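Heads up, the thing below is written out as C-alpha cells.
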Amino acid sequence: MDTNYSLSDIAAATGNGRNDGMWGGDGAWWLILFILFGMFGWGGFGGGYGGGGATNTPGFQGWATRSDIDAALSTQGIENGIQNISTQLCNGFNTLGSQMANCCCDLKQGQGEINYNMAAQTNILQNTVNNGLRDVIENQTAGVQRIIDTITQDKIQSLQTELQSAQLQLSNQAQTTSIINALRPTPTPSYPVMSPYTSIINPTGFTFGVNGCGCNTGCGCC
38 MDTNYSLSDI AAATGNGRND GMWGGDGAWW LILFILFGMF GWGGFGGGYG GGGATNTPGF
98 QGWATRSDID AALSTQGIEN GIQNISTQLC NGFNTLGSQM ANCCCDLKQG QGEINYNMAA
158 QTNILQNTVN NGLRDVIENQ TAGVQRIIDT ITQDKIQSLQ TELQSAQLQL SNQAQTTSII
218 NALRPTPTPS YPVMSPYTSI INPTGFTFGV NGCGCNTGCG CC
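Reminder that position 57 of the sequence shown reads as 94 in our numbering, one-by-one numbering, no gaps.
Structure (C-alpha cells):
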C-alpha cells in the first residue's frame, strides 16, 4: 500500500479553493509547487523523474505519511485511553474514599448508639438493684419492728399481769384484815400514852452505860 501523499492530497490539505489572487486564482500555491518541482522533480534539477515519483526524494522524507498520521492518531487514542483510565481511577478512589468516610460515620454513629443503649441498660439495672435493696431493707425493718412490737406487747402484758396480781393480793389482805377485825376486834387507843414501865429519869426505858447520859457523865444528874 502506497502511504505517500499525492499532489491532489497536498492540494486538498492546503485548501485548493482559497484563491490567493495570482494566475487564475491559485496564485502563490502554484508558485510553491513550481519551485518544489524545479528542485526535486522531473530530472531538470537533479531530482529524477522516475524512481517512485518526486515524493520519494530526500526532500519529501520529512513529510508525514498516512501511516505516521495513523500512528499519531493511535498514540493520541492510547493517551486518551490512559487519561480515561486515570480519570476512572480517580473517580474510583473518590468513591472509595466517600464510602470509607460514610463507613466511618456509620461506625461512629453505631458506637454512639451502642454506648447510649449500654448507659440506658446500666441505669435500668441500677434502678432495679436499688429497688431490690430498698425492698429488702424495708422488709428487714418491718420484720425487726414486728419483733420489737411483739416483745413490747409481751412486756406490757406481763406488767399488767403483775399489777393485777399485786392489786388482787392487796385486796385479799384488806379483806382478811377486815374479817379478822370483825371477828376479834382489837382496842385502838385514841391517843398515845406513856408506858407504865418507864420512869421520869429514863422515860425511854433504855439503860445507858457509863458513856451514856446519866450521873457523872456531864449530861446532868437529878
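A virtual CB, placed ideally from N, CA and C, is assigned to each residue, including glycine.
It should be emphasised that the depicted structure is a prediction, and the values quoted were computed from it without experimental measurement.
Is it buried or exposed, residue i, if we count other Cβ atoms within 10 angstroms and call 16 or more buried?
i: Gly-61; result: Note that Gly-61 scores a pLDDT of 48, beneath 50, so its modelled location is shaky and nothing firm can be said.
i: Gly-83; result: For Gly-83, the predicted model reports a pLDDT of 44, less than 50, meaning its position is unreliable; a value from the coordinates is still stated below. Counting Cβ neighbours within 10 Å, Gly-83 comes out exposed, since fewer than 16 surround it.
i: Thr-165; result: exposed
i: Met-59; result: Unreliable placement is indicated for Met-59, whose pLDDT of 46 sits below 50; the coordinate value is still reported in the next sentence. Label assigned to Met-59: exposed.
i: Gly-87; result: Caution is warranted here: a pLDDT of 45 is assigned to Gly-87, below 50, making its placement in the model unreliable, and the coordinate value is therefore given only provisionally. Answer is exposed; the Cβ neighbour count stays below 16.
Report the residue from the options whose alpha carbon sits nearest the alpha carbon of residue i.
i: Pro-260; options: Pro-229, Tyr-228 and Thr-213; result: The first residue shown for the chain is 38 and the last is 259, placing residue 260 beyond what the model contains.
Contiguous alpha helix (DSSP H) assignments of at least 4 residues, all confined to the segment 151-217 | Counting whole runs of 4 or more residues, the segment 151-217 contains no alpha helix (DSSP H) stretch at all.
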